[in-house]
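Peer 1: According to full-length UniProt numbering, the sequence shown is numbered sequentially starting from 1.
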Amino acid sequence: MDRKSPLVRGVVAVAAGLVLVALVITCAGPLFWLFKAATSTSTETLAQPFGLWPSGLHWENVTAAWSTVRFGTYLRNTLIICAGAWFFGLLVATTGGYGIAVLRPAYAKVVEIAVLATLFIPGVVSLVALYLTVVNLPLLNVNLLNTFWAVWLPGAASAFNVLLVSRYFQAIPRELFEAARIDGAGAFRVFWSLVLPLAKPILGVVSLLTIIGAYKDFLWPLLALPDHDLQPISVALPRVESSTDLGVFMAALFVSVVIPVALFLVFQRQFLRAAGSAGAIKG
1 MDRKSPLVRG VVAVAAGLVL VALVITCAGP LFWLFKAATS TSTETLAQPF
51 GLWPSGLHWE NVTAAWSTVR FGTYLRNTLI ICAGAWFFGL LVATTGGYGI
101 AVLRPAYAKV VEIAVLATLF IPGVVSLVAL YLTVVNLPLL NVNLLNTFWA
151 VWLPGAASAF NVLLVSRYFQ AIPRELFEAA RIDGAGAFRV FWSLVLPLAK
201 PILGVVSLLT IIGAYKDFLW PLLALPDHDL QPISVALPRV ESSTDLGVFM
251 AALFVSVVIP VALFLVFQRQ FLRAAGSAGA IKG
């Protein structure tokens, strides 16, 4: 009844507009300023931080970032790390969740509790032990430092992803598994032909979380990849900041920020659909 009043509708419209403007400024404002700084000279950014291109757009900063900062090399390393983290992360999450939720061996509950308990251990506590393990891999006696394996393998062991996938698998009707076993399907066939096709929504969510986590990770790649030629963007850019022109450095920062934003905008429909249906399944 109140919304029938023109005054109430006007106040609500104005309030909604102000909230929308505030959200746009808060979310898109920093990205726009970074773009402005990336296409301005260092002198203009320092003298007029909010001046809109006094001498025009300087696209050469972006070009210089690829040659001066070696941005292309660090971007390639980042993509390799993200691809490996995605593959091994999905492998561990799906097989671990399948074993806990579908196969259900006698010790499944103990394993699930043990995996859950690791979530309460701060990552910094196990950092030294993890580093020593990578330096001298047990049984194999191999040093994994300065190899992408040193980043891929520890990152794949995500207790959160295993539990998230196992909860989704538990929601799949048991009748489907029983029917598959009656038809003669083994454990691998059930996993490959039945579980994975039904798990596309949760696999999309886990994939996005894994790729974003690998893209922005800083501390562990810094320790595991001391060779500058193997470091990702998150490690390389802070290292070269002091020796790089401000405009060129801001251009490199802008490209590194806009890549994940662009990927999300391209795949936002798939991600939002996956996130919305990840908690339920109908058989």
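Backbone N, C-alpha and C define an ideal beta-carbon position, used for all residues, glycine too. No experiment lies behind these values; they were computed from the predicted model shown.
Hey, S234 and W86: beta-carbon distance below 8 Å or not?
Peer 2: Along the sequence shown, read from residue 1 onward, the residue named residue 234 stands at position 234. Along the sequence shown, read from residue 1 onward, the residue named residue 86 stands at position 86. Contact: no.
Peer 1: Of all the options S40, A214, G89 and V24, which has the alpha carbon lying nearest to the alpha carbon of A252?
Peer 2: Taking the first residue of the sequence shown as position 1, residue 252 is located at position 252. The shortest Cα separation from A252 among S40, A214, G89 and V24 belongs to S40.
Peer 1: If you draw a straight line from the alpha carbon of D245 to that of S42, how long is it in whole angstroms?
Peer 2: Within the sequence shown, residue 245 is the residue found at index 245, counting from 1. Within the sequence shown, residue 42 is the residue found at index 42, counting from 1. Taking the straight line from one Cα to the other gives about 7 Å.
Peer 1: Going straight from the alpha carbon of A156 to that of L140, what length do you get?
Peer 2: Mapped onto the sequence shown, residue 156 falls at position 156. Mapped onto the sequence shown, residue 140 falls at position 140. Near 19 Å, if we compare the C-alpha coordinates of L140 and A156.
Peer 1: Note down the Cα distance separating A280 from R189, rounded to an integer number of angstroms.
Peer 2: Counting from one through the sequence shown, the residue named residue 280 turns up at place 280. Counting from one through the sequence shown, the residue named residue 189 turns up at place 189. Bear in mind that a pLDDT of 45 at A280, under 50, signals an unreliable position, so the model cannot answer this.
Peer 1: Mind reading off the beta-carbon distance from L95 to N161? Whole number of angstroms is fine, and I expect it under 8 Å.
Peer 2: The residue labelled residue 95 in the question sits at position 95 within the sequence shown. The residue labelled residue 161 in the question sits at position 161 within the sequence shown. With the sequence shown as reference, residue 95 is identified as Thr, and Leu is not the correct amino acid for it. So it is not a contact: roughly 11 Å between Cβ atoms.
Peer 1: Give the list of continuous alpha helix (DSSP H) stretches no shorter than 4 residues that lie fully inside the stretch 34-104.
Peer 2: For the stretch 34-104, whole alpha helix (DSSP H) runs of length 4 or above, ordered along the chain, are 42-47, 60-68 and 71-98.
Peer 1: Rounded to whole angstroms, what's the CA-CA distance from A47 to A37? Just pull it up for me.
Peer 2: Counted from its first residue, the sequence shown places residue 47 at position 47. Counted from its first residue, the sequence shown places residue 37 at position 37. Their backbone Cα atoms lie some 12 Å apart in a straight line.
Peer 1: Taking the C-alpha atoms as reference points, what is the distance between C82 and P49?
Peer 2: For this step, residue 82 is matched to residue 82 along the sequence shown. For this step, residue 49 is matched to residue 49 along the sequence shown. The straight-line gap from Cα to Cα measures roughly 34 Å.
Peer 1: By the 10 Å Cβ neighbour count, where 16 or more other Cβ atoms means buried, how is H58 classified, buried or exposed?
Peer 2: Along the sequence shown, one-based indexing puts residue 58 at 58. H58 should be labelled buried.
Peer 1: Within the stretch 147-221, note down every full beta strand (DSSP E) run reaching 3 residues or more, in order along the chain.
Peer 2: Listed in chain order, nothing qualifies, since the stretch 147-221 has no complete beta strand (DSSP E) run of 3 or more residues.
Peer 1: With a CB to CB cut of under 6 Å and the five nearest residues on each side skipped, what residues in its chain are close to L20?
Peer 2: Indexing the sequence shown from 1 puts residue 20 at position 20. So no residue of the chain qualifies.
Peer 1: Just checking my contact of Y74 with L223 at CB under 8 Å: how many whole Å lie between their CB atoms?
Peer 2: Position 74 of the sequence shown, counted from the start, is the residue given in the question as residue 74. Position 223 of the sequence shown, counted from the start, is the residue given in the question as residue 223. In fact, because the Cβ distance is near 17 Å, the residues do not count as touching under 8 Å.
Peer 1: Looking only at its own chain, which residues have a Cβ that is under 6 Å from the Cβ of F35, when we skip the five neighbours before and after it?
Peer 2: Taking the sequence shown and counting its residues from 1, one reaches residue 35 at position 35. Around F35: F254.
Peer 1: Taking the alpha carbon of L103 as the reference point, which residue from A236, S243 and A187 has its own alpha carbon closest?
Peer 2: Walking along the sequence shown from the start, residue 103 turns up at place 103. With distances taken between Cα atoms, L103 lies closest to A187.
Peer 1: For the putative contact between P232 and P221, defined by C-beta atoms under 8 Å, what is the C-beta separation to the nearest angstrom?
Peer 2: As a working mapping, residue 232 is identified with position 232 in the sequence shown. As a working mapping, residue 221 is identified with position 221 in the sequence shown. Sure, about 6 Å apart at Cβ, within 8 Å.
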